[in-house]
Amino acid sequence: MSVKQYWLMKSEPDVFSIDHLQSAKDQKTMWEGVRNYTARNYMRDTMKVGDGVLFYHSNANPPCIVGTAEIASESYPDPTQFNPDSDYFDAKSSEDNPRWFLVDVKFKQKFNHIVNREVLQHHPILKDMVIFKLNRLSITPVTEQEWLLVHELSLTKPL
DNA sequence: GCCAACGTTGGC
DNA sequence: GCCAACGTTGGC
């Protein structure tokens, strides 16, 4: 029995928000379109079914954590890489030797109160979250302490 | 819309 | 294998 892991996953709400996830079939989605090797490796090599996900809205006003989800499948090849009509098409990938992988993500909850990026940045512990060190990485690991603290913050109304 | 940070590409 | 040029992310 492995220890539960936690992640922060970014999505642009204009493209795919937590409301999209909540209203999706089975409240699940394929986390498609990741084209960064570090993020891919997390999905392909490290994530386990049941891991917790902090759902983060990037390119949003304000940028913030809006709720949680969980990893709902093992990784498998991202089908969009094979589709020439997709924005995520990758001509250098093939079905025999896929380059990009994804996992299914399932809705868990929307927070009572969103947790603002700014609040995280000013928090003595949460300011050290990986998201602030690797600004452009769309999937970052989260510690159990960070996971718990974010949940606490989501219970109280920000200033 | 700007631009800093940083990942990727490709020439050599 | 280096590194300059380029493209993308994402906060502001």
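Just so we're aligned, residue 428 is where the first sequence starts under the numbering used here, counting upward by one.
We put the CB at the ideal spot given by N, CA and C, even for glycine.
_Taking 8 Å as the cut-off, does the stretch 434-447 touch the stretch 501-513 (at least 3 CB pairs, one atom from each stretch)?_
With contact defined as three or more Cβ pairs closer than 8 Å, the stretch 501-513 and the stretch 434-447 are not in contact.
*In whole angstroms, what is the alpha-carbon distance linking residue 542 and residue 492?*
5 Å
*Would residue 497 pass as a contact of residue 478 if the rule is Cβ separation under 8 Å?*
Their beta carbons are under 8 Å apart, which means residue 497 touches residue 478 by this criterion.
*Going by other Cβ atoms of all chains shown within 10 Å of its Cβ, with 16 needed for buried, is residue 559 buried or exposed?*
exposed
*Could you spell out the range, first to last residue, of the alpha helix (DSSP H) harbouring residue 581?*
571-582
*asked:* Suppose the cutoff is 6 Å on Cβ atoms and the five residues either side in sequence are ignored; what does the same chain contact list for residue 459 look like?
replied: 505, 507 and 529
*Classify residue 445 as helix, strand or coil using the three-state DSSP reduction.*
Assignment of residue 445 by DSSP, reduced to helix, strand and coil, places it in the helix class.
*Stretch pair the stretch 544-560 + the stretch 520-535: three plus CB contacts closer than 8 Å*: no
*asked:* Can you tell me whether residue 563 is buried or exposed? The criterion is at least 16 other CB atoms within 10 Å of its CB, across all chains shown.
replied: exposed
*If you draw a straight line from the C-alpha of residue 476 to the C-alpha of residue 566, how long is it?*
16 Å
*Comparing alpha-carbon positions, which option in 584, 494 and 581 lies nearest residue 480?*
Taking only the C-alpha atoms, the option nearest residue 480 is 494.
_Extent of the continuous beta strand (DSSP E) to which residue 541 belongs_ = 531-543
*Where the beta strand (DSSP E) containing residue 483 begins and where it ends*: 479-484
*Tell me, to the nearest whole angstrom, how far the beta carbon of residue 568 is from that of residue 557; I am working on the premise that it is less than 8 Å.*
6 Å
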